[in-house]
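Here the protein sequences line up with chains A and B, keeping their order. Note that UniProt numbering has the first sequence beginning at 1, numbered continuously upward. Note that UniProt numbering has the second sequence beginning at 1, numbered continuously upward. Notes follow once the structure below has been shown.
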Amino acid sequence: MMARSLALALILSIGGAAHAADKPAVEAKSGWVRVLPGNLPAGGYVTFENRSDRALSIVGAASPQYGNAMIHRSSTDGGMGRMEMVDSVPLPAKGSLAFAPGGYHVMLMQPKQAVKPGDKIVVTFTLSDGETIPATLLARPANASGPTD
Amino acid sequence: MTPSIFRRALMVLLTAAAVASLAACQREAQPEWRLNDVSGHLPDLDFKLTDDNGNPVTGADYKGKVAVMYFGYTHCPDVCPLTLTQLHVILDRLGPAAENVRILFVSVDPARDTPAVMHAYVNAFDKRAVGLVGSQAAVEALAKRYRSAFTREPDRGDGNYEVSHSSAIYFFDAEGKARLLATPSASQDDIVHDLHLLTSLETRS
């Protein structure tokens, strides 16, 4: 009995280890940052893919290269361009969500060192289940339209 | 048919033909705009501001160029760069005609946007862009003139704040007459199409 439950525990733990070695449930890709002159805040964009069957949300962001990072949403509803801070961005089960110009973005403030096009910016996003998703965002010129030309 | 009646009939025919061709001419002179035609509904380009080189400028300084005016501010990391990038791509697509176009980026954040900050900002997008700054009163008057608006949002507590602002793009012909209005979601194809027409009006006059 004892041996059997030990064996079961072993199988379960191996199963768990194998599961952990799989791709993470949420992946961040195609990330880029629009670099503006001086110390102006920069917008960061990234696409999240949620492979799990659980609806999650993105609740925070931080970057070692910036003093402050905040999740914002822009809108031009009613002809007024405005920006608001958001606490949580829904990430549907088995779905994806893009932070893209004119919508959700991570606003990166107070760069610790001058950021120039070609630099790689690390941003860690926090999910509603406590998991953290590291993302690498490519620094792009101010007038770039996306992660690549 | 006597010669005089024949002459009169010919005259009527010729006149009719002339009227018809004149009408065709007038139809050609009315461009088929794809953006919103605001001719006669908004005032001519007129302001007294400071450009990004620190020089005082007025609307008349941009006579001879098609002016594309947009209100925004440099601490705007998303919507303003998106619109300025789109305008940059549009001017590149326009080709040589883009030399007759100027983007006028008017700051709605006089407290933070100096000519130097504006200079670095607009040039990061397009060399044909001009940054314009002025007193709060001067910028408010300009916004009001074009039925635009902007509001400084409350401080976030760290000294930073956002400015909500009208996102419309205004197009003036080379004579400084307001001609077209677009939203940032207007298609690039439509803006390129209308800028080709606007710049060709300019070269004809």
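Just so it is clear, CB atoms sit at the ideal spot from N, CA and C, and this is done for glycine as well. Being a predicted model, the structure only gives us computed values, none of them experimental.
Alpha carbon to alpha carbon, what distance is there between residue j and residue i?
i                      : j        : result
A/GLY31                : B/SER148 : 34 Å
B/LYS45                : B/ILE191 : Checking the displayed sequence, the identity of residue 45 of chain B turns out to be Leu instead of Lys. Each residue's Cα considered, the two are about 19 Å apart.
B/ARG34                : B/ALA143 : 24 Å
A/MET80                : B/PHE150 : 8 Å
B/LEU84                : A/ARG34  : 12 Å
B/ASP109               : B/GLY131 : 12 Å
B/PRO96                : B/ALA120 : 24 Å
A/SER96                : B/LEU82  : 22 Å
B/TYR146               : A/SER63  : 41 Å
A/SER57                : B/VAL122 : 36 Å
B/ASN100               : A/LYS120 : 38 Å
B/ALA168               : A/TYR104 : 21 Å
residue 210 of chain B : B/ALA137 : Absent from the model: residue 210 of chain B. The displayed extent of chain B is 1 to 205, so no value can be given.
A/ILE133               : B/ALA141 : 47 Å
B/SER107               : B/VAL117 : 11 Å
B/ALA129               : A/ASP129 : 46 Å
B/ARG27                : B/CYS80  : Model confidence at B/ARG27 stands at a pLDDT of 48, short of 50, so the residue's coordinates are unreliable and nothing is read from them.
A/GLY146               : A/VAL122 : 17 Å
B/ASP78                : A/THR76  : 11 Å
B/VAL38                : A/GLN113 : 46 Å
A/ALA69                : A/ASP87  : 12 Å
A/LEU137               : B/GLU32  : 43 Å
B/PRO184               : A/GLY78  : 12 Å
B/ARG156               : B/VAL139 : 23 Å
B/CYS25                : B/PRO154 : Low confidence applies to B/CYS25: its pLDDT is 47, below 50, so where it sits in the model is not reliable, and the reading given next is rough at best. So the two alpha carbons sit approximately 55 Å from each other.
B/GLY59                : B/ALA111 : 23 Å
B/GLY40                : B/ASP61  : 21 Å
How would you write the range of the beta strand (DSSP E) that residue i sits in, first residue to last?
i                      : result
A/PRO134               : 132 to 140
A/ARG82                : 80 to 85
B/VAL108               : No beta strand (DSSP E) holds B/VAL108; DSSP gives it neither H nor E.
A/PRO111               : 104 to 111
A/THR126               : 120 to 127
B/HIS165               : 163 to 166
residue 164 of chain A : Since the first residue shown for chain A is 1 and the last is 149, residue 164 of chain A is missing from the structure and cannot be characterised.
residue 207 of chain B : This structure does not reach residue 207 of chain B, given that chain B is present from 1 up to 205, and the question cannot be answered.
A/ALA98                : 95 to 99
Can you find the residues in the same chain that come closer than 6 Å, C-beta to C-beta, to residue i, ignoring five residues on each side of it along the sequence?
i                      : result
B/HIS88                : PHE125, ASP126
A/ALA144               : none
A/ALA55                : PRO92, ALA93
A/GLY60                : THR126
A/SER74                : MET83, GLY102
residue 151 of chain A : This structure does not reach residue 151 of chain A, given that chain A is present from 1 up to 149, and the question cannot be answered.
B/MET69                : LEU104, TYR170
A/SER52                : ALA25
A/GLU29                : Per the sequence presented here, residue 29 of chain A reads as Lys, with Glu not at that position. Here the set comprises THR47.
A/THR124               : ALA62, THR132, PRO134
So, for residue i: in the same chain, excluding its five sequence neighbours on each side, which residues have a beta-carbon less than 7 Å away from its beta-carbon?
i        : result
A/LEU36  : ALA42, ALA142
A/ALA100 : TYR45
B/ALA186 : LEU35
B/LYS65  : ASN100, VAL101, ARG102, ALA174
B/ARG152 : TYR161, VAL163
B/PRO54  : Before going further, note that residue 54 of chain B is Gly rather than Pro in the sequence given. So the qualifying residues of the chain are PRO115.
B/ASP113 : TYR73, THR74, SER107, VAL133
Excluding the 5 residues flanking residue i on each side, which residues of the same chain have their C-beta closer than 8 Å to its C-beta?
i        : result
B/ASN160 : HIS75
B/THR50  : PRO56, VAL57, PRO115, LEU132, VAL133, GLY134
A/ASN39  : GLN110, PRO111
B/LYS63  : ALA174, GLU175, GLY176
B/GLN188 : GLN86, VAL89, ILE90, ARG93
B/HIS193 : ARG34
A/GLU27  : PHE48, GLU49, ARG51, ILE133
B/LEU201 : PRO31, ASP173, ALA174
B/LEU181 : LEU35, ASN36, VAL38, LEU42, ALA168, ILE169, TYR170, PHE171
A/LYS23  : ARG51
In chain C, which residues lie with their C-beta within 7 Å of the C-beta of residue i?
i       : result
A/PRO41 : The structure shown contains no chain C; its protein chains are A and B.
Can you give the beta carbon distance from residue i to residue j, rounded, assuming they're within the 8 Å contact cut?
i        : j        : result
B/GLU179 : B/LEU198 : Looking at the sequence shown, residue 179 of chain B is not Glu but Arg. 6 Å between Cβ atoms; contact.
B/ALA67  : B/LEU104 : 5 Å
B/SER166 : B/PHE71  : 6 Å
A/THR47  : A/ALA98  : 5 Å
A/VAL115 : A/ILE71  : The Cβ separation is near 19 Å, so there is no contact.
A/PRO117 : A/ALA135 : Their Cβ separation, rounded to whole angstroms, is 18 Å, which puts A/PRO117 and A/ALA135 out of contact at 8 Å.
Is residue i near the ligand MN, going by C-beta to nearest heavy atom under 7 Å?
i        : result
B/ALA124 : No copy of the ligand MN appears in this structure; indeed no ligand is present at all.
Could you please give the first and the last residue of the uninterrupted alpha helix (DSSP H) stretch that includes residue i?
i       : result
B/VAL89 : 79 to 94
Give, in chain order, every unbroken run of the beta strand (DSSP E) that is at least 3 residues long and sits entirely within the segment 119 to 160 of chain B. 129 to 133, 150 to 152
Go through the segment 30 to 73 of chain B residue by residue and report every complete run of the beta strand (DSSP E) that reaches 3 residues or more, in order. 48 to 51, 56 to 58, 66 to 72
Runs of 3 residues minimum, wholly inside the segment 22 to 93 of chain A: which ones carry the beta strand (DSSP E) assignment? Counting whole runs of 3 or more residues, the segment 22 to 93 of chain A contains the beta strand (DSSP E) stretches 26 to 34, 42 to 50, 56 to 62, 66 to 75, 80 to 85, 89 to 91.
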